[in-house]
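So that you can map any letter, position 57 of the sequence shown is 222 in our numbering, and since no number is skipped, the others follow by simple counting. We put the CB at the ideal spot given by N, CA and C, even for glycine. Accompanying notes for the structure given below.
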Amino acid sequence: VTLGGSPAGAAYVEKKHQAGASLAQWQGCSDAQEEDARTTCSKHIQEMTQPEIFSDCVFDMCRGGDESFAESVAEFFMQTSST
């Protein structure tokens, strides 16, 4: 099954699949964790102007990302938008 996305992302999902993990088993955030993730992401990514990127940031932060992830995403999109 092909999900799309980056080769690194596909390799990660395949590794989890081979280890017996199911995407359906991955837990989401509690309300408090999601609010913390939203707060962190909003420091670096504008929710109104970049809603998909902001949503992805919150999703990733809820699953173990830290603030350096949000910083990296913001820096990447700042560099790509200026070219």
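Handout entry: Span of the alpha helix (DSSP H), counted from its first residue to its last, around residue 220
Key = For the purposes of this step, residue 220 is taken as the residue at position 55 of the sequence shown. Taken as a continuous stretch (DSSP letters only), the alpha helix (DSSP H) holding residue 220 covers 216-227.
Problem - Same chain, Cβ closer than 7 angstroms to residue 198, five either side skipped, listed in chain order - result: Along the sequence shown, read from residue 1 onward, the residue named residue 198 stands at position 33. Excluding residues within five positions, the ones whose Cβ falls inside 7 angstroms are 227.
Practice task
Specify the secondary structure class of residue 206 as computed by DSSP and reduced to three states.
Solution key: Position 41 of the sequence shown holds residue 206. Three-state DSSP puts residue 206 in a helix.
Exercise for the section: Rank 202, 172, 175 and 176 by C-alpha distance to the C-alpha of residue 229 and give the top, closest one. Expected result: In the sequence shown, residue 229 corresponds to position 64, counting from 1. The option with the nearest alpha carbon to residue 229 is 202.
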